[in-house]
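Residue numbers (our numbering): 2 to 711.
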């Protein structure tokens, strides 16, 4: 009683404490980045051409694009990420390339747009829209029988039908893509016109490709000296860094991070699998007794109803129960049995004769999912079409006129042969339940279909299995145990030195992480959160993370290096400077070993190596014989030598050379300078086409910080 009285006396204080805790919790969520309220109103996701891109503005554009593309059905996280990337690239283009195009007077007229539609070339935007994404081949009904390419009149008709339909807005993004493609090509042509190959350049290029040289050489290879012979001092690093830090290899285009990580595997234990099996075993009797298989599966299973209630041919029945099912009576229940990453029990709900394959045509009327009025209107319209098709036997003509499926409509609605599992479940069920000559309806995510079954294969037994599945995954007890183990490791090894030297784990490297990357290749899916952690302002070199929970593992990381954008620091560059410094030291020692010589024979004697000969080499050779490979410095030296002369030691890729030019055969063919100019100009123009747009973007300046948020 005394204790209760004491609590009552302090109840006011307790209420205040609890209330303050709730307020702090809510405010913490607001300030932590989960909301734009207060501090995050003007957060920038990047900079384009000196202009900050506000997070809120960017997200509005992304959501508008998602709503337009996916509608009320929503989108997956992967689809959202694809839209985010597309919207970002559009914003970059609008603020860089389109601005450049406007300044140069580059535009696309209506006549030019029509010309693109009427003269479709392979590789064009329209070619992509009217090709099968799986095969890359033009869809049959739009293929020109002579050229095998797009039949432009058919494409034009399909586009006109689309523009004049209720779905005219679907044409707008295609039109925009065509205009953008034409503008890009105009810009590339403009850049190409600014390039010129002079007569001297053409002569030089001709001689470079056609002059043949024979030479003898002596090589002392770098590999003849062990790397560990040399100790690299700080002074060595500093000297090399000062001499080379202007080179491309020292310039980081993007800021990167290096980490090391330890994985703790999340696998179900034997006890977990036993519990899952016991849970399903306990469902067998109720499943046997329940006459409503669908309701039972919805209440107890994990996967979608469509994937758990389906017909199987004898060869498609899961192997663990195949023989039992084929000899069982209707209503029998089988399992539990393992199938992939799930454990199942299955009931034989029905057996019927059904074809293996169906040949069908269809007419689709697209309807927004869930719009009952439009669905009913589409059914009434298709019912009228069905009556006309039954009386006039003109289904193909009606499909060409009315179907919203551009892929099959122009071909009379033909879908060719298909087996079970090829179509969405509602379409499949309606098709396989019908007989040859039947016209039946189906509602799917695409709209309302009128399906005309034109042929079927021989009828065979099909077994309807209704299944309840549970994923084979670690229990909470197992997961908590692994997480606890990872947490203890994180706390006990809270410095980089302890992390890397811990005997309880093996730290693995993941270097060069870039902000915005979708995952870390070495770690796998859903590891983007680790990249965000590595780029957090509070994450310093040597900091050890708390555990990250991924799909089938828990990961603890330590940040080991930060490489800033721009010139890489000497400390970060040491990893690739070391082999180059060792190479320089070897080159100096090997060069000295050649001593003094006036003939190649003397050079060979000094280094105790044999003379070797190559009878034919050209300046543009990238792979010299005898295993020498690419030796640009050697070929350059040969070009400046007279026949019979011997070089000083030359440092190449494989080692140090002494060479003698034995002969040089100039090209005997007469130069066609105009042809050379054309070929080389086209080569230059192609390179310019690939890089001009990127050069404009780079000059404008694009900083992408979206990876900190998404």
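Note that CB positions come from ideal geometry on N, CA and C, so glycine has one too.
{"Query": "Which one or two residues does DSSP pair with residue 563 in a beta bridge?", "Result": "258"}
{"Query": "Could you pull the DSSP bridge partners for residue 367 from this structure?", "Result": "448"}
{"Query": "Could you give the first and the last residue of the continuous beta strand (DSSP E) run that contains residue 461?", "Result": "460 to 472"}
{"Query": "By how many angstroms is the C-alpha of residue 488 removed from the C-alpha of residue 17?", "Result": "In this prediction, residue 17 scores a pLDDT of 37, lower than 50, which makes its location untrustworthy; the coordinate-derived value is nonetheless stated afterwards. Distance between the alpha carbons of residue 17 and residue 488 is about 33 Å."}
{"Query": "Near residue 1, what residues of its chain come up, given a Cβ to Cβ distance below 7 Å and the 5 sequence neighbours on each side ignored?", "Result": "There is no way to answer for residue 1, as the model of the chain reaches only from 2 to 711."}
{"Query": "Looking at the structure shown, is residue 549 part of a helix, part of a strand, or coil, going by DSSP?", "Result": "strand"}
{"Query": "Does residue 517 pass the burial test, meaning 16 or more other C-beta atoms within 10 Å, or should it be called exposed?", "Result": "buried"}
{"Query": "Give me the residue from 660, 434, 540, 444 with the minimum Cα distance to residue 427.", "Result": "444"}
{"Query": "Go ahead and label residue 404 buried or exposed: buried means 16 or more other beta carbons lie within 10 angstroms of its beta carbon, across all protein chains shown.", "Result": "buried"}
{"Query": "Which partner residues does residue 265 have in the DSSP bridge list?", "Result": "555"}
{"Query": "Going by DSSP in three states, residue 316 sits in which element: helix, strand or coil?", "Result": "coil"}
{"Query": "Put residue 156 into one of helix, strand or coil per three-state DSSP.", "Result": "helix"}
{"Query": "Span of the beta strand (DSSP E) holding residue 718?", "Result": "What is shown of the chain runs 2 to 711, which leaves residue 718 out entirely."}
{"Query": "Shortest alpha-carbon distance to residue 91 belongs to which of 106, 391, 114, 66?", "Result": "66"}
{"Query": "Go ahead and label residue 94 buried or exposed: buried means 16 or more other beta carbons lie within 10 angstroms of its beta carbon, across all protein chains shown.", "Result": "buried"}
{"Query": "Check each candidate in 395, 410, 81 and name the one with the smallest Cα separation from residue 401.", "Result": "410"}
{"Query": "Is the segment 578 to 589 touching the segment 508 to 517, taking contact as three or more C-beta pairs under 8 Å?", "Result": "no"}
{"Query": "What is the DSSP secondary structure of residue 138, counted as helix, strand or coil?", "Result": "coil"}
{"Query": "Kindly indicate the opening and closing residues of the alpha helix (DSSP H) around residue 214.", "Result": "It is not in any alpha helix (DSSP H) - residue 214 instead sits in the beta strand (DSSP E) that spans 213 to 222."}
{"Query": "Give me the residue from 417, 261, 531 with the minimum Cα distance to residue 502.", "Result": "261"}
{"Query": "Is the beta carbon of residue 380 sitting closer than 7 Å to the one on residue 449?", "Result": "yes"}
{"Query": "Who are the near neighbours of residue 360 in its chain, counting only those whose CB is closer than 6 Å to its CB and skipping five residues on each side?", "Result": "418, 455, 456"}
{"Query": "Residue 677 and residue 258 look like a contact to me (Cβ under 8 Å); what is the Cβ gap, rounded to whole Å?", "Result": "48 Å between Cβ atoms; not a contact."}
{"Query": "Suppose contacts are defined by Cβ-Cβ distances below 7 Å. Is residue 601 in contact with residue 214 by that definition?", "Result": "no"}
{"Query": "Could you check the C-alpha separation between residue 481 and residue 275 for me, to the nearest Å?", "Result": "18 Å"}
{"Query": "Under 8 Å: do the segment 641 to 657 and the segment 206 to 226 share three or more Cβ pairs, one atom per stretch?", "Result": "yes"}
{"Query": "Smallest Cα separation from residue 273: which of 320, 343, 460, 572?", "Result": "343"}
{"Query": "Could you compute how far the alpha carbon of residue 271 sits from the alpha carbon of residue 346?", "Result": "19 Å"}
{"Query": "Where residue 163 and residue 172 are concerned, what is the direct C-alpha to C-alpha distance, given to the nearest angstrom?", "Result": "7 Å"}
{"Query": "Do you know offhand how far residue 635's Cα is from residue 651's?", "Result": "7 Å"}
{"Query": "Which of the three DSSP states, helix, strand or coil, is assigned to residue 665?", "Result": "strand"}
{"Query": "So, at 7 Å on beta carbons, what are the nonlocal neighbours of residue 206 in its own chain, with the 5 sequence-adjacent residues on each side left out?", "Result": "677, 681"}
{"Query": "Compare the beta carbon distance of residue 153 and residue 119 with 7 Å and say whether it is the shorter of the two.", "Result": "yes"}
{"Query": "Would you say the segment 95 to 108 touches the segment 170 to 190, given that touching needs at least three Cβ pairs under 8 Å?", "Result": "yes"}
{"Query": "Take residue 241 as the anchor and find which of 44, 633, 596, 570 has the nearest alpha-carbon.", "Result": "570"}
{"Query": "Might you give, ordered along the chain, the residues of its own chain that have their beta carbon closer than 8 Å to the beta carbon of residue 84, omitting 5 neighbours on each side?", "Result": "63, 66, 67, 70, 76"}
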